[in-house]
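Engineer: I have a structure I would like to understand better, so I am pasting it below and will then ask my questions one at a time.
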Amino acid sequence: MKKQILIIPLAVFLLIISAFFYLLIIDRNPSEIPSNLMNKNVPNFKAKLLLKNKDFLSSKEFGNEKVLVNFFASWCKPCRDEHIFIKRFSKEKGIRIVGINYKDKFSNTTKWLSDLGNPYSDIPLDKNGRIAIDWGVYGIPETFIVNSKGIIKYRHVGPITKKVYKKISLLIEEIE
Amino acid sequence: MKIKAFIILFICLTQFFSTSSIGVEPDEVLKNKKQELRARDISKNIRCMVCQNQSIDESNSPLAKDLRILIRNKIKEGNKDEEIYKFLTYRYGDFILLKPPFKFSTYALWLLPFIFLMIGIFVIYSHNKKSKKI
Chain P
131 MKKQILIIPL
141 AVFLLIISAF
151 FYLLIIDRNP
161 SEIPSNLMNK
171 NVPNFKAKLL
181 LKNKDFLSSK
191 EFGNEKVLVN
201 FFASWCKPCR
211 DEHIFIKRFS
221 KEKGIRIVGI
231 NYKDKFSNTT
241 KWLSDLGNPY
251 SDIPLDKNGR
261 IAIDWGVYGI
271 PETFIVNSKG
281 IIKYRHVGPI
291 TKKVYKKISL
301 LIEEIE
Chain E
90 MKIKAFIILF
100 ICLTQFFSTS
110 SIGVEPDEVL
120 KNKKQELRAR
130 DISKNIRCMV
140 CQNQSIDESN
150 SPLAKDLRIL
160 IRNKIKEGNK
170 DEEIYKFLTY
180 RYGDFILLKP
190 PFKFSTYALW
200 LLPFIFLMIG
210 IFVIYSHNKK
220 SKKI
């Protein structure tokens, strides 16, 4: 009877160890934090647009169709790396892409876009990072999928890789 | 031997009393001291989402600076502390609070240590009782 009881701590210990081991080997980024804005409305904001002489009003621009929102800056190296996939979203998926330009210089952004191509339908300017805070952004690049009702359905932190591209492509088709 | 112990104690104490790093820059500081103190208090409870193990009061990351300024602006506009916390957690989730709130999803986190303590006391107690009998 006593021996049987002695097994219990060992079993619990092994269970905990295997849970830790499982979390260690699965493909995950422990510093990635789930967005609190999931399934919530797009934050309200108004911003000046790059290349266009008018304002961007979130209340008018979201809620009509699916939109991919991409926070980027010309000074951000991972943004440069993922740019090819942003272009592919535009070409292959035909989704409208809004690129929010985070704390950037006008001349640098325009040069960056002419060098790499411009897949964005609109580029609202976030000069002081206030729009990013409203979206809960903590490290660019970040990419959101907003459905046709103007509700945030997905957020990805970090550059889009081949694997992420496939995942988001499927989501774009699934999300209404 | 005594000297050695004294040195170790001294080193421990210097660590204990050392001031933590401060990320607040002079241009951010509010003129109103009372408001500035409130801002510092809130900042100490807000996690820097970039560094993740520092508060925005200590961090020198740009996002931490933005949030410190935002908190100060909100205080100047007359927002209450709770309103500022609500504003931040709506956008960044409970993770932005260095101290997790006590609510349904965190009951296990807060209560398990006490439950384990109770189990421990019970085990020791019953063990003692048994060994006394023998």
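Protein chains in written order, with my numbering: chain P, 131 to 306; chain E, 90 to 223.
Virtual Cβ for every residue (Gly too), placed ideally from N, Cα, C.
All values reported here derive from a predicted model rather than from experimental measurement.
Cβ closer than 7 Å: which chain E residues qualify as neighbours of serine 161/P?
Structural biologist: Those within 7 Å of serine 161/P in chain E are Gln141.
Engineer: Kindly give me the distance between the Cβ atoms of tyrosine 268/P and valine 139/E, rounded to whole angstroms, as I take these residues to be in contact under 8 Å.
Structural biologist: Indeed they touch by this definition, with Cβ atoms about 6 Å apart.
Engineer: Report the neighbours of glycine 266/P on chain E: residues whose CB is nearer than 7 Å to its CB, in chain order.
Structural biologist: Result: Arg180 and Tyr181.
Engineer: So serine 165/P and arginine 260/P are in contact, right, with Cβ under 8 Å, and what is the actual spacing, rounded?
Structural biologist: Contact doesn't hold; Cβ gap of about 18 Å is too wide.
Engineer: Closest to serine 109/P by CA distance: which of Asn171/P, Ile216/P and Trp205/P is it?
Structural biologist: There is simply no residue 109/P to check, as chain P begins at 131 and stops at 306 in what is shown.
Engineer: Can you find the residues in the same chain that come closer than 8 Å, C-beta to C-beta, to arginine 226/P, ignoring five residues on each side of it along the sequence?
Structural biologist: The answer, listed in chain order, is Glu195, Lys196, Val197, Leu198 and Ser251.
Engineer: Mind pulling the alpha helix (DSSP H) runs of 4 or more residues that sit fully within the segment 111-143 of chain E?
Structural biologist: Listed in chain order, they are 122-134.
Engineer: Is there a Cβ from chain P that is less than 7 Å from the Cβ of phenylalanine 211/E?
Structural biologist: No, phenylalanine 211/E does not count as interfacial toward chain P.
Engineer: Flag asparagine 166/P as yes if its beta-carbon sits less than 7 Å from any beta-carbon of chain E, otherwise no.
Structural biologist: Cβ-Cβ to chain E under 7 Å: yes for asparagine 166/P.
Engineer: Would you tell me roughly how many angstroms separate the C-alpha atoms of leucine 180/P and phenylalanine 202/P, rounded to the nearest one?
Structural biologist: If I take the Cα positions, the gap works out to 13 Å.
Engineer: Counting C-beta neighbours from all protein chains within 10 Å, is the total for glutamate 172/E 16 or more, i.e. buried, or is it exposed?
Structural biologist: Under this definition glutamate 172/E is an exposed residue.
Engineer: Whole angstroms are fine: how far does the CA of lysine 221/E sit from the CA of serine 145/E?
Structural biologist: Sequence inspection shows isoleucine at residue 145/E; the serine mentioned does not correspond to that position. Cα to Cα, isoleucine 145/E sits roughly 55 Å from lysine 221/E.
Engineer: Would you identify the three-state DSSP class for leucine 255/P, choosing helix, strand or coil?
Structural biologist: The answer is strand: DSSP assigns leucine 255/P an E or B state.
Engineer: If I'm right that isoleucine 270/P touches tyrosine 232/P with Cβ under 8 Å, what's the distance once you round it to whole angstroms?
Structural biologist: That belief holds up - the Cβ atoms of isoleucine 270/P and tyrosine 232/P are roughly 5 Å apart, short of 8 Å.
Engineer: In chain E, what lies closer than 9 Å to glycine 259/P by C-beta?
Structural biologist: Residues of chain E passing the Cβ test: Pro151, Leu152 and Asp155.
Engineer: Output the distance between the C-alpha atoms of tryptophan 205/P and isoleucine 138/P, rounded to the nearest integer angstrom.
Structural biologist: Near 56 Å, if we compare the C-alpha coordinates of isoleucine 138/P and tryptophan 205/P.
Engineer: Would you mind telling me which residues of chain E sit closer than 9 Å to glycine 269/P, beta carbon to beta carbon, in chain order?
Structural biologist: The contacting residues are Met138, Val139 and Leu152.
Engineer: Taking the alpha carbon of tryptophan 265/P as the point to measure from, which residue in Ile135/E, Tyr179/E and Tyr196/E has its own alpha carbon closest?
Structural biologist: It is Tyr179/E whose Cα lies nearest to the Cα of tryptophan 265/P.
Engineer: Who does tyrosine 284/P pair with in a DSSP beta bridge?
Structural biologist: Ile275/P.
Engineer: Would phenylalanine 205/E pass as an interface residue toward chain P - the criterion being a Cβ-Cβ separation below 7 Å?
Structural biologist: Chain P, which has no Cβ nearer than 7 Å to the Cβ of phenylalanine 205/E, makes this no.
Engineer: Excluding five sequence neighbours on each side, which residues of the same chain lie with their C-beta closer than 6 Å to the C-beta of alanine 128/E?
Structural biologist: Ile160, Arg161 and Ile164.
Engineer: Within its chain, find whatever has a CB closer than 6 Å to the CB of histidine 213/P; leave out the 5 residues flanking it on each side and keep chain order.
Structural biologist: Taken in chain order, the residues that qualify are Leu246.
Engineer: Going by beta carbon distance, what residues of the same chain come within less than 8 Å of isoleucine 302/P, once the five residues before and after it are set aside?
Structural biologist: These residues qualify, in order along the chain: Lys196, Leu198, Phe219, Lys223, Ile225 and Ile275.
Engineer: With DSSP collapsed to three states, give me the class of phenylalanine 177/P.
Structural biologist: The identity of residue 177/P in the sequence shown is alanine, whereas the question assumes phenylalanine. Reduced to three states, the DSSP call for alanine 177/P is strand.
Engineer: Taking Cβ positions only, does phenylalanine 184/E come closer than 7 Å to chain A?
Structural biologist: No chain A appears in the structure shown, which is made up of the protein chains P and E.
Engineer: Determine the chain E residues that contact isoleucine 225/P at a beta-carbon separation under 8 Å, and present them in chain order.
Structural biologist: Residues of chain E passing the Cβ test: none, with the nearest at roughly 25 Å.
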